[in-house]
Amino acid sequence: MILNKIIIHNIASIEDATIDFNSEPLSDASLFLICGTMGTGKSTILDCIALSLFGTTPRLQSSPQKSSTDQEDIRLSDERQYLRRGTKEGFSILEFIGNDKVTYRAKIAFRYKKTDKIDSSKRTLEYDNTILEKKGDIDRKIKEAIDIDYSQFCRTTLLAQGEFTKFLKSDDAEKSSILEKITGTDIYSKIGRKIFEKSRDAENKYKEEEIALKNIQTLSDEEKEEYANHKAELNNTQQSIEKQLSQFRAIKQWFNTKADIEKEIEDNKQILQITSSKKDDTFLSKKRYVSDFEHHSEQISLLKTNNDNREILTKYNSYKEILYKEFYNIYSDLQYHERLLNEKQDRLRELTTIFEQRKGEKELYDQAPAILGSIDRITNIRNEINTKEQELTHLSQSLLDIEPTKQQIESVIKIISDELNELNIKAQEQLSKIEDIDINKLSQNIESKKEEQLQLQEASSIYLENINDEATYKDNINLFEENQKQIETKK
65 MILNKIIIHN IASIEDATID FNSEPLSDAS LFLICGTMGT GKSTILDCIA LSLFGTTPRL
125 QSSPQKSSTD QEDIRLSDER QYLRRGTKEG FSILEFIGND KVTYRAKIAF RYKKTDKIDS
185 SKRTLEYDNT ILEKKGDIDR KIKEAIDIDY SQFCRTTLLA QGEFTKFLKS DDAEKSSILE
245 KITGTDIYSK IGRKIFEKSR DAENKYKEEE IALKNIQTLS DEEKEEYANH KAELNNTQQS
305 IEKQLSQFRA IKQWFNTKAD IEKEIEDNKQ ILQITSSKKD DTFLSKKRYV SDFEHHSEQI
365 SLLKTNNDNR EILTKYNSYK EILYKEFYNI YSDLQYHERL LNEKQDRLRE LTTIFEQRKG
425 EKELYDQAPA ILGSIDRITN IRNEINTKEQ ELTHLSQSLL DIEPTKQQIE SVIKIISDEL
485 NELNIKAQEQ LSKIEDIDIN KLSQNIESKK EEQLQLQEAS SIYLENINDE ATYKDNINLF
545 EENQKQIETK K
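Note that the sequence shown covers residues 65 to 555 in this note's numbering.
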């Protein structure tokens with residue numbers, strides 16, 4: 065608790081006084097002395113602090129329980145005895161900061177009624193826009209704010225004459241409680257209690273673990289060997305399933321390759337259709353123009369010998385060079401397509417060889433969805449086996465840690481073995497389905513693919529011949545049309 069200000073009005077020997085601990089010279093003093101002659105109000109200042117906080121003082125507690133001579137209805141132990149004689153009202157106000165860092169304003173007031181009888185004292189406590197007026201509420205809040213009650217306050221903070229000896233004679237527990245609250249070191253007692261509780265809990269847990277450790281039973285050498293053999297059997301089963309899974313993956317890759325082959329065949333069919341469309345009516349018409357040009361070769365020869373047609377011959381030669389260039393470009397393009405066709409034929413022969421080598425896998429082609437489903441199921445079986453192996457490994461480790469009874473372990477191993485046997489049976493069923501595949505239908509498909517290959521080769525040959533004919537016809541047609549125009553111009 066930190067005192068900020070005391071305001072006194074008509075209390076005992078003090079008529080009016082204000083003591084501000086936040087102003088000079090008190091604000092800079094760590095320790096100060098209240099001194100003066102008898103009756104000047106030294107003790108009254110301290111009594112006003114107690115009155116404002118608790119509504120009583122140590123001096124009142126030690127007074128006899130009889131009425132005063134001046135006021136027959138007021139006992140000497142009554143707090144109203146502090147009202148200055150000859151006055152009608154008085155009060156004491158204490159402003160302080162509690163241990164919770166909140167500013168409080170505690171007040172006690174006395175006054176006479178109109179009937180010249182003194183009224184009951186009135187106490188109030190103000191803080192954070194709250195005003196308490198009931199004695200019980202005020203006492204509880206004061207104790208919560210300063211963390212000590214009236215009795216401890218009188219024996220520590222405000223010691224009346226002879227009360228310090230009483231504090232010294234208190235037992236050790238009470239002294240410790242009072243000093244901790246004054247110095248703010250009660251937190252260490254709480255920490256100590258917490259440490260003791262944790263230490264006690266840790267010790268109890270250690271004893272429980274020690275008892276559990278003594279109850280652990282270890283496996284015999286025969287039992288350890290039995291578990292090791294069972295684990296080896298599981299490893300062998302896993303390797304066998306992994307080998308089967310590898311075979312299924314190879315089959316799946318074969319199906320992917322087959323799909324690529326079928327796509328290449330479809331592409332070659334499209335090339336064949338494009339080649340066939342080249343031979344249309346326009347091409348045949350231009351071929352007739354070339355034939356007519358060959359019949360007029362003698363007339364062209366006469367034109368060349370004519371001096372008047374030199375200009376025409378010059379143009380003819382320039383056209384001839386252009387035609388040569390176009391011929392070269394067409395020829396180069398023809399070679400490129402020829403190389404491309406050869407590559408396709410080589411690839412087709414390679415794929416045909418693959419078909420020949422894999423005639424025995426014909427049933428796989430028809431039952432691809434079922435086989436792929438089998439592969440997935442085998443994968444699931446493998447995952448289940450891995451899970452069971454992990455369970456067995458965990459069980460073995462648990463045996464080293466807690467060593468359960470032999471009967472429990474045998475029961476768990478039997479369950480795992482039964483589940484593994486069921487998984488192996490499922491795997492054998494899937495393998496037997498694959499082994500029963502018939503190859504005849506796959507061979508028929510391969511023969512049909514060979515026929516498509518022969519058709520493709522014939523189409524490629526026709527395509528090459530058409531390209532050669534078309535290049536020659538284009539050259540002759542262009543030359544003929546140009547000479548035809550020259551002849552008409554000459555006429």
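We put the beta carbon where it would ideally sit given N, CA and C, even for glycine. The model shown is predicted, which means the values in this text are computed figures rather than measured ones.
Here C99 is exposed. Its C-beta has fewer than 16 other C-beta atoms within 10 Å.
A straight line joining the alpha-carbon of F96 with that of S77 spans about 21 angstroms. At the C-beta level, F155 and I172 come within 8 angstroms of one another. Cβ contact annotation for T121 (same chain, cutoff 7 angstroms, sequence separation greater than five): D111, A114, L115, in chain order. Leaving aside the five residues that flank I75 on each side, the residues in its chain whose CB is nearer than 7 angstroms to its CB run, in chain order, T108, C112, Y146, R148, G154, S156. For the options R411, K152, L67, T417, the alpha carbon positioned closest to that of T221 is the one of L67. Scanning S184, E143, I202 for the CA closest to the CA of R169 turns up I202. N163 sits close to D211, with the two beta carbons spaced by under 8 angstroms. Per DSSP, the beta-bridge partners of A81 are I72. For R175, the uninterrupted beta strand (DSSP E) run begins and ends at 167–175, by DSSP. For T194, the enclosing beta strand (DSSP E) stretches over residues 194–196.
Residue burial annotation: G103 is exposed, with fewer than 16 other C-beta atoms found within 10 angstroms of its C-beta. Our two residues, A296 and S284, have alpha carbons roughly 19 angstroms apart in a direct line. When the five nearest sequence neighbours on each side are left out, the beta carbons in the same chain lying within less than 8 angstroms of the beta carbon of I161 are those of M65, I66, N68, T167, Y168, in order along the chain. Per the C-alpha coordinates, the member of A209, I72, K152 positioned closest to Y191 is A209.
Contact check for R411 and E328: beta-carbon distance about 7 angstroms, within the 8 angstroms limit, so the pair qualifies. For the 8 angstroms CB-CB criterion, G105 and E143 do not form a contact.
Burial state of F260 is exposed, judged by a 10 Å Cβ sphere holding fewer than 16 other Cβ atoms. Closest in alpha carbon position to D180, among F174, K152, L158, I206, is K152. With a 10 Å radius around the Cβ and a threshold of 16 neighbouring Cβ atoms, I305 comes out buried. In the three-state reduction of the DSSP assignment, R139 falls in the strand class, which pools E and B. With a 10 Å radius around the Cβ and a threshold of 16 neighbouring Cβ atoms, K322 comes out buried. Rounded to whole angstroms, the gap between the alpha carbons of E290 and E414 is 54 angstroms. For T108, the enclosing alpha helix (DSSP H) has its first and last residue at 106–118. If you draw a straight line from the Cα of F174 to the Cα of L124, it is about 16 angstroms long. Note on geometry: alpha-carbon atoms of K254 and K177 lie some 51 angstroms from one another.
When DSSP states are grouped into helix, strand and coil, S234 belongs to the coil group. For K178, no alpha helix (DSSP H) run applies, since DSSP gives it neither H nor E. Cβ-Cβ distances below 6 angstroms link E330 to nothing in the same chain once the five nearest sequence neighbours on each side are left out. One Cα belongs to L117, the other to A276, and the distance between them is close to 59 angstroms. Secondary structure note for E208: its alpha helix (DSSP H) is the uninterrupted segment 199–210.
Collapsing the DSSP output to three states places L67 in a strand.
Per the C-alpha coordinates, the member of N86, T188, N300 positioned closest to K205 is T188. Around K199, the same chain offers G119, R187 as residues with beta carbons nearer than 8 angstroms, after the five sequence neighbours per side are excluded. Under the DSSP definition of a beta bridge, Y191 partners with T194.
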